[in-house]
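Asks: Be aware that the sequence shown starts at 17, since it is given in my numbering, and climbs by one per residue.
Handing you this structure, nothing more for now.
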Amino acid sequence: MNVVKFGGSSVANGNQIKKIGAIIQGEPERKFVVVSAPGKRYKNDLKMTDLLIETGELAFQNKRYTEKLDLVLDRFSEIVKELNISTTILDDIKNSIQSIINSDDESRGLKMDALKSIGEDSCAKVVSEYLKTLGLNAHYVNPKDAGIIVSNEPGHAQILPDSFSKLYGLRQREGIIVIPGFFGFTKNNRLITFSRGGSDITGSLVAAGVKADLYENFTDVDSVYSVNPAIVENPREIKTLTYKEMRELSYAGFSVFHDEALIPAFQQKIPVCIKNTNNPKASGTMIVANKKPSKKCVVGIASDAGFSSLYVSKYLMNRELGFGRKLLQILEEESISFEHAPSGIDDMSVIIRDTQLTASKEEAIKNRIKKELQPDMIMFNRNLAMIMIVGEGIMSTVGIAQKATTALTDANVNIEMINQGSSDVSMMFGIQSEGLNRAIQSLYKVFFE
Ligand code: ASP
């Protein structure tokens, strides 16, 4: 039994959904289908989820939202017409959106989550109807009915362990089960969505719950590439990755797979295959628990800009009990999570994503550290980019750092930070964002050409 998940581009219009039909037909092991909401049809198109969020934002400020609502309906109307299925769903969508907007008994966060879920929910109904027209015994199953139980954190649901045994019961159901991705229900029946891109999480969760033989995640690329194809032309495809490698790559900018989505599949050791809806014959990338060790251990190079480092220095820091804890506690109390924290004897840097750091937060943190920790020096260093060289066995392979630093030197890129040893599958370099593309191109040459 396989779980197949189709991302936004795979359900962007009727033509794409027809490809899903062809992928499922004649493949009886593809029993569980999870879908995203319709994504972009072309570069500057809007995603359905963004349209629904914009509708909600206008409505909650008591502004006119009918144009946005019409765009949502037009999008679905186009899809059902292309698929030649009943248009009754359009009224259901309109009524659901209006009743969520007009309801008084929910908080804004919960109402927004209910609105956002309509993209996936309606899409699952449409896909299931379409599969029926192909003669398949398909059934739409709501996440509540399927058993997806989550925490009460609007926009950031976490899976609760009770889900797994409930989901296992789905194996007994007849035919093809079509489940909307991206949301679940709390024990008190509140609809809560995962973080953005979270349909991958649903797919992985269902795969773990039903103990699938394989979780196939269909996107619009033939495989996971060794570097970002926007930076290096035609980079090498990765055939096999371990969960750990995928986690490191998706953390640092490989947006092919949601980074939280691996956990359920990983815990149950369910292999994941990333495939292309537009080219389903391509073998794709397999993500597995273990793979044969290889001499060329580096599988990919990920990178992401948008980081800052908080640098704090104090003479004899290494002897001051609790210094690191107090520093991190200040960040915690300012609701800032940190990414890395390389340290020296008298210095400590904490790497933070810029999205968390407003000018006022920066000021508040600086003031508190000055007052509470009396450092000799404190500063924020902006415009940092992180590069992750990823591969099982990096820690025990001779010469990786030498190759990487030579590549960065060749590209005339200054290394501001190196972090090696805290993970056995990655080596991290911090550089100024301005040199990022040059750095990646040069690293690619050294490791893959
Ligand atoms: N539709 C949701 C989003 O755009 C979830 C997903 O597509 O995975 O974030």
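The beta-carbon is built from N, C-alpha and C at its ideal position, and this holds for glycine as well.
Computed from a prediction, not measured in an experiment: that's the story for all the values here.
1) Roughly how many whole angstroms lie between the Cα atoms of Ser376 and Glu350?
2) Can you check DSSP and say which residues form a bridge with Leu326?
3) Whole angstroms are fine: how far does the CA of Ser26 sit from the CA of Gln32?
4) Would you tell me roughly how many angstroms separate the C-alpha atoms of Asn168 and Pro287, rounded to the nearest one?
5) With a CB to CB cut of under 6 Å and the five nearest residues on each side skipped, what residues in its chain are close to Asp66?
6) Could you check where the alpha helix (DSSP H) with Cys313 kicks off and where it finishes?
7) For Gly446, which of helix, strand or coil comes out of DSSP?
8) What are the start and end residues of each continuous beta strand (DSSP E) run of 3 or more residues lying completely inside the region 165-208, in chain order?
9) Can you check whether the CB of Ile368 is closer than 9 Å to the CB of Ser325?
10) Which residues mark the beginning and the end of the alpha helix (DSSP H) in which Ile116 is found?
11) Distance, Cα to Cα, Ile109 vs Ser220?
12) For Asn435, report the span of its alpha helix (DSSP H) as first-last.
13) Report yes if the CB atom of Glu264 is closer than 9 Å to the CB atom of Met404, and no otherwise.
14) Identify, in the order they occur along the chain, each residue of the same chain with its Cβ nearer than 6 Å to the Cβ of Asn435, setting aside the five sequence neighbours on each side.
15) With DSSP run on the structure shown, which of helix, strand or coil describes Phe339?
16) Run the CB neighbour count on Phe92, radius 10 Å, all protein chains shown included, and call it buried at 16 or more, exposed below.
17) Kindly list the residues whose CB is nearer than 6 Å to the CB of Gly213, restricted to its own chain and excluding five residues on each side of it in sequence; keep chain order.
18) Which residues in the same chain have their Cβ closer than 6 Å to the Cβ of Thr293, if we skip the five residues on either side of it in sequence?
19) When the Cα of Ala140 is compared with those of Gly171, Gly151, Leu183, Phe198, which residue comes out closest?
20) Relative to the C-alpha of Ser133, which residue among Ser52, Glu73, Glu145 is closest?
Replies: A quick look at the data gives this:
1) 11 Å
2) Val366, Phe396
3) 5 Å
4) Between Asn168 and Pro287, the C-alpha separation is close to 29 Å.
5) No residues qualify anywhere along the chain.
6) No alpha helix (DSSP H) holds Cys313; DSSP gives it neither H nor E.
7) For Gly446, the secondary structure class from DSSP, reduced to helix, strand or coil, is strand.
8) Runs of the beta strand (DSSP E) inside the region 165-208: 192-196, 199-201.
9) Going by C-beta atoms, Ser325 is nearer than 9 Å to Ile368.
10) 104-118
11) Looking at the backbone, the Cα of Ile109 and that of Ser220 are separated by about 27 Å.
12) No alpha helix (DSSP H) holds Asn435; the beta strand (DSSP E) holding it covers 433-436.
13) yes
14) His356, Pro358, Met444
15) helix
16) buried
17) His274
18) Residues Ser26, Lys35, Phe234 of the same chain have their beta carbon placed closer than 6 Å to that of Thr293, with the five preceding and five following residues left out of the count.
19) Phe198
20) Ser52
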